[in-house]
Amino acid sequence: MSASVRILGIDPGSRMTGYGLIDAAGGRLSIVANGAIGTSGDHSARLREIFQEVRSLVKRWRPDEIAIERVFVHRNADSALKLGQARAAALCATFAAELPIHEYAARQIKKAVVGRGSAEKSQVQHMVRLLLGLDEAPQADAADALAAAICHANSRGTQALLVAQAVRS
Numbered sequence: 062m063s064a065s066v067r068i069l070g071i072d073p074g075s076r077m078t079g080y081g082l083i084d085a086a087g088g089r090l091s092i093v094a095n096g097a098i099g100t101s102g103d104h105s106a107r108l109r110e111i112f113q114e115v116r117s118l119v120k121r122w123r124p125d126e127i128a129i130e131r132v133f134v135h136r137n138a139d140s141a142l143k144l145g146q147a148r149a150a151a152l153c154a155t156f157a158a159e160l161p162i163h164e165y166a167a168r169q170i171k172k173a174v175v176g177r178g179s180a181e182k183s184q185v186q187h188m189v190r191l192l193l194g195l196d197e198a199p200q201a202d203a204a205d206a207l208a209a210a211i212c213h214a215n216s217r218g219t220q221a222l223l224v225a226q227a228v229r230s
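Terminal number for the sequence shown in this note's numbering: 230, no gaps in between.
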């Protein structure tokens with residue numbers, strides 16, 4: 062059986078940043094923690110709050126790797142900029158731990174968890190609940206973060222198989 066790896070999934074947002082921690086060992090996934098960081102105040106205060114909360118999560122749960130959703134380019138440039146800044150605040154909070162960071166497009170995450178890149182949030186919540194054996198579906202932002210972690214756990218397995226195959230060749 063493979064060694065366990067703890068993955069922190071992050072779904073960045075300036076008003077609500079979801080997080081989800083899972084342990085992955087072989088093909089088994091288990092939930093460690095999940096939730097959402099709700100922010101308030103002006104934009105600078107929100108970024109500070111995201112940074113501090115993610116830093117606290119990293120210190121408390123000691124993940125081995127980070128999986129984060131890439132910024133989706135919105136029609137509104139201001140919204141995209143704010144989202145990018147929230148994402149940067151979350152990532153910067155992990156830098157002191159020197160963790161590997163893996164980025165995934167929203168469509169890639171949805172496809173990995175639901176089977177369709179255009180899945181609705183409720184479908185992601187439902188599949189996260191099933192895949193992790195939860196009694197209830199997590200809050201939407203937490204489910205998106207858990208989905209990012211699940212996507213990465215699945216990708217890690219594929220990457221390991223490719224490396225092993227390359228070594229044998």
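Using N, Cα and C, we set each Cβ at its ideal position, and we do this for glycine too. Every value quoted in this text rests on a predicted model; they were computed, and no experiment measured them.
task: Would you mind sorting ILE83 into buried or exposed? The rule is 16 or more other CB atoms within 10 Å of its CB.
output: In the sequence shown, residue 83 corresponds to position 22, counting from 1. It is buried - the Cβ of ILE83 has at least 16 other Cβ atoms within 10 Å.
field: Contact set for MET188: own chain, Cβ-Cβ below 6 Å, skip 5 residues either direction
entry: Within the sequence shown, residue 188 is the residue found at index 127, counting from 1. Excluding residues within five positions, the ones whose Cβ falls inside 6 Å are VAL174 and VAL175.
Straight-line gap, LYS143 to VAL119 (C-alpha atoms, nearest Å): Sequence index remark: in the sequence shown, residue 143 carries index 82 (1-based). Sequence index remark: in the sequence shown, residue 119 carries index 58 (1-based). Each residue's Cα considered, the two are about 23 Å apart.
- prompt: With C-beta atoms as the reference, is ILE129 less than 8 Å away from ALA149?
  reply: On the sequence shown, position 68 is the one that residue 129 refers to. On the sequence shown, position 88 is the one that residue 149 refers to. In this structure, ALA149 does not lie closer than 8 Å to ILE129 by Cβ.
- prompt: If you run the structure through DSSP and keep just helix, strand and coil, what is SER91?
  reply: Counting from 1 along the sequence shown, the entry for residue 91 is found at position 30. If DSSP states are grouped into helix, strand and coil, SER91 belongs with the strands.
message: So for GLU110, helix, strand or coil by DSSP?
response: On the sequence shown, residue 110 is found 49 positions in, with the first residue counted as 1. Residue state, collapsed to three classes: helix.
message: Buried or exposed, going by whether 16 or more other CB atoms sit within 10 Å of the CB of GLN186?
response: Taking the sequence shown and counting its residues from 1, the one referred to as residue 186 is at position 125. Buried, because 16 or more other Cβ atoms sit within 10 Å of the Cβ of GLN186.
- request: Would you check if there are 3 or more beta carbon pairs closer than 8 Å linking the region 65-72 to the region 83-96?
  value: yes
field: Residues of its chain near ILE162, where Cβ-Cβ distance is below 6 Å and the 5 sequence neighbours each way are ignored
entry: Residue mapping note: residue 162 aligns to position 101 of the sequence shown, counting from 1. Cβ neighbours of ILE162 beyond the five flanking positions: ILE127.
message: Would GLU181 and ARG131 be called neighbours here (beta carbons separated by less than 8 Å)?
response: The residue given as residue 181 occupies position 120 in the sequence shown. The residue given as residue 131 occupies position 70 in the sequence shown. No, these two residues do not count as a Cβ contact at 8 Å.
- request: Would you mind stating whether ALA208 and ALA97 have Cβ atoms separated by less than 8 Å?
  value: For the purposes of this step, residue 208 is identified with residue 147 of the sequence shown, where counting begins at 1. For the purposes of this step, residue 97 is identified with residue 36 of the sequence shown, where counting begins at 1. Against a cut-off of 8 Å, the Cβ pair of ALA97 and ALA208 comes out as no contact.
- request: Please check the pair GLY81 and ALA166, which I expect to be a contact at CB under 8 Å, by giving their CB distance rounded to whole angstroms.
  value: As a working mapping, residue 81 is identified with position 20 in the sequence shown. As a working mapping, residue 166 is identified with position 105 in the sequence shown. 17 Å between Cβ atoms; not a contact.
- prompt: Straight-line CA distance for ASP125 to LEU108?
  reply: Within the sequence shown, the letter at position 64 stands for residue 125. Within the sequence shown, the letter at position 47 stands for residue 108. Whole-angstrom Cα-Cα distance: 24 Å.
task: Return the residue from the list LEU191, ILE71, GLN200 and SER75 that minimises the CA-CA distance to SER105.
output: Along the sequence shown, read from residue 1 onward, the residue named residue 105 stands at position 44. Looking at the Cα atoms, SER75 is the closest of the given residues.
message: What does the Cβ neighbour count give for PHE133, buried or exposed, with the cut at 16 atoms within 10 Å?
response: One-based indexing of the sequence shown puts residue 133 at position 72. Exposed, because fewer than 16 other Cβ atoms sit within 10 Å of the Cβ of PHE133.
- prompt: What did DSSP end up calling GLY74 once you bin it into helix, strand or coil?
  reply: Locating residue 74 in the sequence shown gives position 13, where the first residue counts as 1. It is coil, neither helix nor strand.
query: With C-beta atoms as the reference, is PRO73 less than 8 Å away from ALA147?
result: Looking up residue 73 in the sequence shown gives position 12. Looking up residue 147 in the sequence shown gives position 86. Result yes, Cβ atoms of PRO73 and ALA147 sit closer than 8 Å.
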